[in-house]
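Single-structure report; data block below.
In the working numbering, the protein residues as written are 1 to 133.
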């Protein structure tokens with residue numbers, strides 16, 4: 001089920017997510033879940049969702065997770081490192097990203113995001129390091 005308020009917040013704070021069509025399913029300090037529908041305009045030749053679209057989904061979801069885990073006095077975050085392992089293609093349905101905090105410090109927040117397809121298969125695993133601003 002789509003979280004309409006969370007989706008509106010994503011789109012307002014990161015307009016690129018609206019252009020891509022990212023929907024928020026859940027957002028809290030413990031977990032942020034979003035999804036991106038397969039569309040031929042987001043694909044490479046052969047109908048596979050482009051890795052950049054998957055990375056944008058993971059980056060956006062991870063950024064919100066980091067923001068929701070800001071320490072007292074933190075104003076925001078910025079990605080200073082991102083590592084992605086692609087494991088399989090998405091050729092239909094949705095790519096669903098689930099971001100969880102691994103470390104929430106005063107200066108650095110580390111978030112791990114897994115992307116799954118509609119069959120629950122792991123598509124990509126992303127680890128991000130966010131600097132606290």
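Note that CB positions come from ideal geometry on N, CA and C, so glycine has one too.
Secondary structure of residue 13 (DSSP, three-state): helix.
Boundaries of the beta strand (DSSP E) harbouring residue 131: 122-132, taken from the DSSP string. Taking a contact as a CB-CB distance under 8 angstroms, the pair residue 88 and residue 126 does not count as one, their CB atoms being some 14 angstroms apart. Annotation: the continuous beta strand (DSSP E) that includes residue 82 extends over 77-86. Taking residue 71 as the centre and dropping the five residues before and after it, the same chain places the C-beta of 104, 105, 106 and 132 closer than 8 angstroms to its C-beta, in chain order. Per DSSP, the unbroken beta strand (DSSP E) holding residue 34 starts and ends at 32-37.
The C-beta separation of residue 33 from residue 42 comes to about 19 angstroms, leaving the pair out of contact by the 8 angstroms criterion.
In the three-state scheme derived from DSSP, where H, G and I count as helix and E and B as strand, residue 72 is classed as coil.
When the alpha-carbon of residue 108 is set against those of 97, 119, 121 and 128, the nearest one is in 128.
Inter-residue distance for residue 36 and residue 73 is about 32 angstroms (C-alpha atoms, whole angstroms). Under the DSSP definition of a beta bridge, residue 113 partners with 99 and 126.
Short of 7 angstroms from the beta carbon of residue 29, and not among the five residues preceding or following it, lie these beta carbons of its own chain, in chain order: 68 and 69.
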